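Reading through the structure tokens given below for one structure.
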Amino acid sequence: MSVDVGSSGIKAAAFDLRGNPLDVEVQNCDYLPAAPGFYELDPDETWRRTTEAVRRLLRRVPLRGVAAVGVSAQLGLVAVDRSGKPLRPAITWMDHRAAAEAKLIRQRLGEAALYRVTGRRATGELLAAKVLWIKQYEPAVYDRTVRFDSLKDYLVTRLGGQPGTDPAHASYTLLYDVVRGIWDEGILQELGIDLSRLPQVLPAETIVGQVSKEAAELTGLVAGTPIVLGGPDGTVGGLGAGLIGVGASVNVVGTTDVVFTCLERPVLDPDHRVVLNRHVVPGRWLIGGPMSITGGFLKWFAKQFLKEDADRAAAEGELPYPFLDRQAACLEPGSGGLVCVPSMAGERAPLWDPNVRGVLLGLSPEHTKAHVYRAALEGSAFALRRMLEALADAGVEVADLRVTGGGSKSSLWRQIRADVTGRRVLLPAVHQATMLGSSILAAVGVGFFDGWDAAVRAMVDVAESTVPDPENTARYAPYYSIFEDLYPRLRQVFSDLADLPSETDRRG
Numbered sequence: 073m074s075v076d077v078g079s080s081g082i083k084a085a086a087f088d089l090r091g092n093p094l095d096v097e098v099q100n101c102d103y104l105p106a107a108p109g110f111y112e113l114d115p116d117e118t119w120r121r122t123t124e125a126v127r128r129l130l131r132r133v134p135l136r137g138v139a140a141v142g143v144s145a146q147l148g149l150v151a152v153d154r155s156g157k158p159l160r161p162a163i164t165w166m167d168h169r170a171a172a173e174a175k176l177i178r179q180r181l182g183e184a185a186l187y188r189v190t191g192r193r194a195t196g197e198l199l200a201a202k203v204l205w206i207k208q209y210e211p212a213v214y215d216r217t218v219r220f221d222s223l224k225d226y227l228v229t230r231l232g233g234q235p236g237t238d239p240a241h242a243s244y245t246l247l248y249d250v251v252r253g254i255w256d257e258g259i260l261q262e263l264g265i266d267l268s269r270l271p272q273v274l275p276a277e278t279i280v281g282q283v284s285k286e287a288a289e290l291t292g293l294v295a296g297t298p299i300v301l302g303g304p305d306g307t308v309g310g311l312g313a314g315l316i317g318v319g320a321s322v323n324v325v326g327t328t329d330v331v332f333t334c335l336e337r338p339v340l341d342p343d344h345r346v347v348l349n350r351h352v353v354p355g356r357w358l359i360g361g362p363m364s365i366t367g368g369f370l371k372w373f374a375k376q377f378l379k380e381d382a383d384r385a386a387a388e389g390e391l392p393y394p395f396l397d398r399q400a401a402c403l404e405p406g407s408g409g410l411v412c413v414p415s416m417a418g419e420r421a422p423l424w425d426p427n428v429r430g431v432l433l434g435l436s437p438e439h440t441k442a443h444v445y446r447a448a449l450e451g452s453a454f455a456l457r458r459m460l461e462a463l464a465d466a467g468v469e470v471a472d473l474r475v476t477g478g479g480s481k482s483s484l485w486r487q488i489r490a491d492v493t494g495r496r497v498l499l500p501a502v503h504q505a506t507m508l509g510s511s512i513l514a515a516v517g518v519g520f521f522d523g524w525d526a527a528v529r530a531m532v533d534v535a536e537s538t539v540p541d542p543e544n545t546a547r548y549a550p551y552y553s554i555f556e557d558l559y560p561r562l563r564q565v566f567s568d569l570a571d572l573p574s575e576t577d578r579r580g
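Quick note on numbering: the sequence shown equals residues 73 to 580 in the working numbering.
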């Protein structure tokens, strides 16, 4: 069984040892009302909805068949006391309150020195910056905190597991030596963060405990069921898509886009544009990184402007996205001269600018909702190509791309990505790669397979292959050039816009 708390929902799923999904249950993941830029989750409510998802799933899946539980989650910080109880709401990766603390980290340690150790830039989404924010603004919480857990590790302990974290999650803290695989005492000392407040780093497939009696009563699981440590949702999703062989690449297309390529040795980007992580697979690294909101742009667009289309699609028994896909597929590449930058909440790799916001360039009276929709699909593909070029600059060439996540279901989006990047796009047989990845970790952890290669061969398969159309690739080239030219031209504009007082500021 897999449990995942992602950016857009809480899921529980069950798989057999051939990677076939038996069933899945989904619960909403509601963020707490907070100030602009703050994204928090109530840990107790998140746990309640997680147990509800598992309990509902077990009504349809034979209980005796659950051999182990694997857990994954979005990046987030939970401060817990001696009893393991959260001291405040969980701060998720989308939360930008710690931007000033990230700047302070860069000033103290230097960007180049920090990147050499951690394989990443200092940003407000990372654990170190959030810990410093708590230390500055909530000192009483900091003093009572015994351990700073990731959201995933907190859920593992609630299930009955022992405290710990995996190397991939540790890579996202800005406190971990990604090459040597240890907490970096020099960084901890410079930032004034106690090593004792960080969890022990263990392999992601480690059995860290068994489902407790309390958790069994809440979930319906059998007490004593093994719990496997797991990892962050993006990395685990890569594993579920078959990201294990050296040179294999995956693009997770969800609320945000994530791109990673598998390495057998660490590679550091001299320009610091891409991220180096430890994989959940021992002896492997991943290079690439998370990008901006892409699928999130489409979700926003549909919610705000497409109610009529959604109602019409629902009346015909389908979701609005396939309905819109058919309309957008009738349009030519380039969306009638409309270029979209879908970065509604800042840009991560490879630009690393939290001030970037969404742009629709070239709007005219002739444009329809379908034009905007297709332009958003193309804009996310342009961002993907920019990421692949940054990897190439770092000496890592990407051939085929495996795509996973909700956006991978769209054949139009897959074709646009293939055409824009000029690369073959492979669709794994299981769309919910994160859930499958957690099940692979669980299966390896309890010894069902003799090694990682055997597990992936048995549980991961490719369903479809999308080949780029050379004519369309050529047609997209000038649009990509315009897309790439927008950021350097608008960088100062984005900064000036971020400096303007917000509505919240005006209200005092």
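From the three backbone atoms N, C-alpha and C, an ideal C-beta is built for every residue, glycine too. Every value quoted in this text rests on a predicted model; they were computed, and no experiment measured them.
According to DSSP, residue pairing for Ser537 in a beta bridge involves Leu498.
By the beta-carbon neighbour count (other beta carbons within 10 angstroms, threshold 16), Thr217 is buried. The alpha-carbon separation between Ser567 and Gly78 amounts to approximately 30 Å.
Counting only runs of at least 4 residues, the stretch 244-322 fully encloses the following alpha helix (DSSP H) elements, listed from N- to C-terminal order: 257-263, 285-291, 305-312. Taking 8 Å as the cut-off, the Cβ atoms of Ala466 and Ile359 count as close. Within 10 angstroms of the beta-carbon of Leu181 lie 16 or more other beta-carbons, which makes it buried. With a contact defined as Cβ atoms closer than 8 Å, Val331 and Met459 qualify at about 5 Å. Under DSSP, Ala84 takes part in a beta bridge, and its partners are Val75, Glu97. If you check the CB distance, Ser510 and Val308 come in under 8 Å. The shortest C-alpha to C-alpha distance from Ala442 to any of Leu231, Glu404, Ala139, Val516 is the one to Glu404. It is roughly 17 Å from the alpha-carbon of Gln272 to the alpha-carbon of Arg230. Shown here for Glu197: same chain residues with a beta carbon closer than 6 Å to its own, the five before and five after excluded, namely Trp165 in chain order. Under DSSP, Leu348 shares a beta bridge with Ile359. If you look at Asp329, you'll find it in the beta strand (DSSP E) that goes 328-335.
Restricted to the stretch 203-239, the beta strand (DSSP E) segments that are unbroken, complete and at least 3 residues in length are 219-222, listed in chain order. For Leu484, the enclosing alpha helix (DSSP H) has its first and last residue at 483-493. Between Arg429 and Ser415, the gap from beta carbon to beta carbon is short of 8 Å. Under the Cβ criterion (8 Å, minimum of three pairs), the stretch 472-484 does not count as touching the stretch 94-112.
DSSP places Arg474 inside the beta strand (DSSP E), whose first and last residues are 473-476. According to the DSSP assignment, Leu449 belongs to no beta strand (DSSP E) but to the alpha helix (DSSP H) extending over 441-465.
Taking C-beta separations shorter than 8 Å and ignoring five residues to either side along the sequence, the partners of Trp357 in its chain run Val250, Cys334, Leu335, Glu336, Arg337, Pro338, Val339, Leu348, Asn349, Arg350, His351, following chain order.
Sequence-distant Cβ neighbours of Arg446 in its own chain, meaning closer than 7 Å and more than five residues away, are Ala400, Leu403, Ser407. Here Ile206 is buried: its Cβ has 16 or more other Cβ atoms, across all protein chains shown, within 10 Å. In the DSSP assignment, Pro158 forms a beta bridge with Val152. Pro304 counts as buried, since no fewer than 16 other beta carbons sit within 10 angstroms of its beta carbon.
The Cβ atoms of Pro540 and Asp491 sit closer than 8 Å to each other.
In the structure shown, Met166 adopts coil according to DSSP, grouped into three states. The beta-carbon distance between Gly281 and Gln234, rounded to whole angstroms, is 5 Å. This is short enough to meet the 8 Å contact definition. In this structure, the beta-carbon distance from Leu227 to Ala145 falls below 8 Å. No Cβ-Cβ contact shorter than 8 Å links Gly264 with Val283.
Rounded to whole angstroms, the separation of the alpha carbons of Tyr552 and Ala453 is 9 Å.
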